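Worksheet: the structure to be examined is printed underneath.
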Amino acid sequence: MRTIAFKTIGIGVAFSPNLEANINEAARLALFFGSRLVLIHVGESSEEKLNKFLGFLNPFKDLGLDFEVTFKSGDPVEVILSTTNEKKVDLLIIGALKKENFVKYYLGSIARKITRKATCSILLLINPSKERVSCNHIVVNGLKDPKTEETVATAFFVGHKLGANKITVVEEISDEEVSVKVDDDKSLRKSTIVKERLRLREEMRVKTILSTIPGELTKNIKIKSQPIFGKRGYSIGHYAQVARADLLVMNAPSKMTFWDRLFPHDIEHILTELPTDVLIVQ
Amino acid sequence: MRTKKSSVVGFVKTLPQNMFSGLVVSLIALPLGLGLAMASEAPPIAGVITAIVGGIIVSILGGSFVTISGPGNGLVGVVLVAITTLGLTATYTAIICSGIILIILGFLRLGKLADYFPSSAIQGMLAAIGLIILGKQFHIMLGNKIVQDSGIDYLLEIPNTIITVFQFKDKGLIYAALAGVLSLAIMVFYSKIRNKYLQLIPAPMWIVIISVGFSYYYELILKSANPISLDYMIPAIPDIRTIVTEIPSPDFKMVGTLSFWSSVVALTLIASIESLLSIKAVDKLDVDKRRSNVNKDIKALGLATVVSGFLGGLNVVTVIARSSVNVNNGGSNRSSNLFHALFLVLFILLFSSELTRIPLSALMAILVYTGYKLASPVIVREIFTIGKEQLIIFFSTLLVTLKVGLISGIVAGLIATFIIHVVVTKSVGLFIKNILKPNVLMYKEEDGSYFISVKHFCSFLNFNTLKTNLEAIPEKNDVIIDFSLCGFVDHSVMENVDEYQELFHKKGGNIEVIGLDVLGAKSKHPFALRRLLPLHKILPDNKTKRQNNLSIVADNFNLSYNPIKKSNAEFLENFIYFKTKKIEHTFNELKEKNSQYQSFDITFSEGEFIAKEVVRTTMLYIKVSKKIPAFTLDKEGLMERLYALAGYEDIDFDSHIDFSNRFYLRGENPEEIKAFFTSELVRFFESNPYYHIESNKEGILICNKERIASIKEIKGLLDFGVRLNKVINNT
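Same order as they appear, the protein sequences are chains L and W. Each residue of the first sequence is one higher than the one before, counting from 1496 in the numbering used here. Each residue of the second sequence is one higher than the one before, counting from 395 in the numbering used here.
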């Protein structure tokens, strides 16, 4: 297993009311992870813009933040993606937009496109703030997938760095796996047994994954494993919302085709209804 | 899990009991079958054929336990329309087609179809069917056959018919009208009289017996013809040989037409809705609390409908009133449904010629009562208490159904409901964007209880996802349903969740609903709020004379008195007496300070729909301080001997012959009971008045007559209870 680290953190910045909050969040995270921060602005470079960015960044500079500001005009999606590659960004931060009623969050169309196409890990922030809000509870997926092991490890890395005190590994078991349909008392008994068996199997699997996590990362963190039965990708978001998680960590989707967008699944569900901050691990 | 052998033994043991129950059900099924078929303008025997075919096939292949199948009330309107537009033989074809569709629905596991209809719209549709039945048959009941265009016209003609009756000159018509009115009176007052011998035969059968007796009285004693006009007698019923030889051949000529298929769709829709509602209601009555396999039942009903259609019968559906009679008479498995069919065959074999002695007007009185029950003002009042907007849905469904037809009616109800939901939430997007999302999350918490969270909205449109999750939880568990992420919860959902709460509660589990107060506090969602309101209505200050006297009794016996209605009577649930009864509330409670004794008035209901009887009675409950066996003690009478024949065992004592003869004692564990009934206790029972006494191991329930007791009787009851408790504590 490779050592997990985010060497370079990137963030796309535009002059929106959220600018200060976004920069603050990114800078704080860079400090926590000990990474370099790359500010990517789509547009012509100018003294005025640079000064504004520097104005926000300077307080962090004193704390030892290493950063860089890039300017490039063009199509926002293209620019951000190409800069990420150039600068070897391994974590891209994207801020989500709030809906009018201040309860629901969603991603703008640009952010969505970036999320789908990016080759690095992505952190979607629903509620960037100027002040630091602590991250207590992290929910991470425990899907049966080759990527899961690394995702779980990343969750623990992040949790360790941000001082989280609880991590819940959620195994989503889809209804198709519970092959018994409930019709009457007999089939109900059968399906309960099948579910229990699946639960145990999943918990065993998660346990093996957890055993690979270095001990220093799991220190001081309460670990919980929670199997849920429901639609893959959707239910975990719902769970994160119910469990009041501060961060949801998920596998990056394997591939995105046209059909995936038409019949949303996995990550697409999360993108339409951001339950909390989401980290997609590539 | 039970072994196969013990279940076979149990089956054989309960067989006599099921046979008895099947007999009682067949007594109600015969007149209803004839009546329902005639009301749909099919030959009267069609109804009986439906019941026979349904009883045989569904009892063998069905997935429910104590339901009875046969011709349904709801279908009268649809079959009537089908027969008038398509003709009889093409209607049989339509029935066969709807049976095939039902089978397909069963295989596609679409038994849940009825969940997608809002409950107020279903109520409206059922009320409309009730009015169609009532409107049409009312005239025949009074001996004034008329033909009108639509259901509404028949209703509007009712005053005219009443006026016409008083102008009858023809004696035959007067007698017909009298028979009708008398029969209606029997239907109405039957449930008010609590007499176990009278109640053994269902009201519709009393009507048959009395009218056949009346006809014989004229023929044999007065030696004159039956005075009721021949037009108002049941037309000749073919004997079994003619039925077999003259099976109608289905006519496939109309298959290409639109009206044929709209009939098929209506038949299928109503048949499945009626069956599903009935299965759900009957499952609640089941003593053994089993869960019906709805899809298996739908398949069996579909097959039965196909066969019935080929034999000249109507759609086979699960029927609520007959099923509840079955449960009340001790039916415990599907064999009672089979026996009901076999008894019907027997009746047709033996008495088919006697049935023509029944006046048509008397038979139609049964249907008028059925129709009234479907459209009773009580239903409208109940819907009104839930919310005015529900009334809009109810009446728009009702009126469109009456004026245009059933399918249009239910569509109107769906549209009205959706529009109201959109108006209430002021958002179409909420529904359109989220309708297909899997909005329900369920997981098992570490302590073993289940947590269900519902997102976005929950209404009749997507209740199914919540239902599927609820169904997958064994009912003995604790469940929390959280609606706090939901923007809108509608009345149908609240009603269904309430039903699940009741079900879980019965089986030892619990459902708690949270997060609704959030909705209420923002006062955006009145549906959920209003649903929660009406339960504890505080009794007005002006007490009745009896209540004043009760508070005096309370002072004399040093008890506390509380007149207010209470709906939680959990301590009564384990008593066998209440297994097939639904407790509504207790009131006028007299309670000892350390709550060892409590007497109360109680309202409970028995049976469903037209077989429903609401009973108010007074009882005494004693919490015993030591462990005693569970038993039931009754005065031994004719009925108890009959029960003993039907498989209920009476525990007799060799040393107390007088007691054994006079009392009917039963319970699960005879040895323990015999040890408990010491000579002293036996002498106590012998020397005191009779009461129905029941123990559920923790407490004793004592009651006497099935009516509210007088002050004197309450004093007697209290005195008896106190002395009985002393004797028990001494032994």
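Just so you know, even glycine gets a beta-carbon here, dropped at the ideal spot from N, CA and C. For clarity, every value in this text was computed on a predicted model and none was experimentally measured.
With a threshold of 16 other CB atoms inside 10 Å of the CB of residue i, please say whether the residue is buried or exposed.
i: K693 (chain W); result: buried
i: I1688 (chain L); result: exposed
i: M648 (chain W); result: buried
i: T662 (chain W); result: buried
i: V582 (chain W); result: exposed
i: L567 (chain W); result: buried
i: L469 (chain W); result: buried
i: T487 (chain W); result: buried
i: K987 (chain W); result: exposed
i: A423 (chain W); result: buried
i: N982 (chain W); result: buried
i: E1000 (chain W); result: buried
Can you give the Cα-Cα distance for residue i and residue j, rounded to whole angstroms?
i: T639 (chain W); j: I622 (chain W); result: 32 Å
i: I489 (chain W); j: V658 (chain W); result: 7 Å
i: C1630 (chain L); j: T1663 (chain L); result: 13 Å
i: F951 (chain W); j: T1012 (chain W); result: 17 Å
i: P1023 (chain W); j: I977 (chain W); result: 24 Å
i: L933 (chain W); j: P957 (chain W); result: Because L933 (chain W) carries a pLDDT of 38, less than 50, the predicted location of this residue cannot be relied on, and the following value inherits that uncertainty. Between L933 (chain W) and P957 (chain W), the C-alpha separation is close to 7 Å.
i: T408 (chain W); j: S726 (chain W); result: 7 Å
i: L592 (chain W); j: F788 (chain W); result: 37 Å
i: Y1085 (chain W); j: Q517 (chain W); result: 41 Å
i: H899 (chain W); j: D876 (chain W); result: 18 Å
i: I673 (chain W); j: S609 (chain W); result: 39 Å
i: T750 (chain W); j: I714 (chain W); result: 27 Å
i: T795 (chain W); j: E865 (chain W); result: 32 Å
i: D892 (chain W); j: T859 (chain W); result: 16 Å
i: F1724 (chain L); j: N1660 (chain L); result: 25 Å
i: A963 (chain W); j: G724 (chain W); result: 24 Å
i: L743 (chain W); j: K901 (chain W); result: 43 Å
i: I1105 (chain W); j: I777 (chain W); result: 37 Å
i: T1610 (chain L); j: N833 (chain W); result: 24 Å
i: A1747 (chain L); j: V1776 (chain L); result: 5 Å
i: P1709 (chain L); j: L1545 (chain L); result: 41 Å
i: L1657 (chain L); j: A1522 (chain L); result: 13 Å
i: D543 (chain W); j: L624 (chain W); result: 26 Å
i: G466 (chain W); j: Y763 (chain W); result: 15 Å
Where do the ends of the beta strand (DSSP E) carrying residue i lie?
i: K1137 (chain W); result: The question about residue 1137 (chain W) has no answer here: the residues shown for chain W are numbered 395 through 1125.
i: L1663 (chain L); result: The identity of residue 1663 (chain L) in the sequence shown is Thr, whereas the question assumes Leu. Counting along the chain, the beta strand (DSSP E) containing T1663 (chain L) begins and ends at K1661 to I1668.
i: P1722 (chain L); result: K1717 to F1724
i: D1149 (chain W); result: In the structure displayed, chain W extends from 395 to 1125; residue 1149 (chain W) sits before or after that span and is not available.
i: L1742 (chain L); result: L1742 to N1746
i: F1057 (chain W); result: F1057 to R1060
i: R1523 (chain L); result: Premise fails: R1523 (chain L) lies in the alpha helix (DSSP H), L1514 to F1528, not in any beta strand (DSSP E).
i: H1086 (chain W); result: H1086 to S1089
Between which two residues does the alpha helix (DSSP H) harbouring residue i extend?
i: K782 (chain W); result: K782 to K797
i: I526 (chain W); result: S513 to M535
i: E865 (chain W); result: F857 to E865
i: S729 (chain W); result: S729 to F745
i: K831 (chain W); result: Looking at the DSSP string, K831 (chain W) is not in any alpha helix (DSSP H), and its letter there is neither H nor E.
i: K1567 (chain L); result: Taken as a continuous stretch (DSSP letters only), K1567 (chain L) belongs to no alpha helix (DSSP H), being part of the beta strand (DSSP E) at D1561 to K1567.
i: K1556 (chain L); result: E1542 to K1556
i: G441 (chain W); result: P438 to L455
Just to check my reading of the structure: residue i and residue j have Cβ atoms closer than 8 Å, yes? What is that Cβ distance to the nearest angstrom?
i: T461 (chain W); j: T712 (chain W); result: 5 Å
i: F969 (chain W); j: L1111 (chain W); result: No, F969 (chain W) and L1111 (chain W) are not in contact; Cβ-Cβ is about 16 Å, not under 8 Å.
i: E1539 (chain L); j: S1568 (chain L); result: 6 Å
i: R1727 (chain L); j: S1669 (chain L); result: 5 Å
i: I1108 (chain W); j: V1009 (chain W); result: The Cβ separation is near 17 Å, so there is no contact.
Stretch pair the segment 444-456 of chain W + the segment 470-485 of chain W: three plus CB contacts closer than 8 Å
No: the two stretches stay apart, fewer than three of their Cβ pairs being nearer than 8 Å.
Could you tell me whether the segment 1503-1511 of chain L touches the segment 1526-1537 of chain L, using the rule of 3 or more Cβ pairs below 8 Å?
Flag = yes, the segment 1503-1511 of chain L and the segment 1526-1537 of chain L touch.
Contact between the segment 719-733 of chain W and the segment 406-421 of chain W: three or more CB pairs below 8 Å?
Yes: at least three Cβ pairs fall under 8 Å.
With three or more C-beta pairs closer than 8 Å as the rule, is the segment 551-563 of chain W touching the segment 601-608 of chain W?
Judged by Cβ distances under 8 Å, the segment 601-608 of chain W makes no contact with the segment 551-563 of chain W, as fewer than three pairs qualify.
Do the segment 1669-1678 of chain L and the segment 1694-1714 of chain L meet, that is, are 3 or more Cβ pairs less than 8 Å apart?
Result no; under three Cβ-Cβ pairs closer than 8 Å.
Take every Cβ of the segment 1651-1658 of chain L, pair it with every Cβ of the segment 428-437 of chain W, and state whether three or more of those distances are shorter than 8 Å.
The segment 1651-1658 of chain L vs the segment 428-437 of chain W: no contact.
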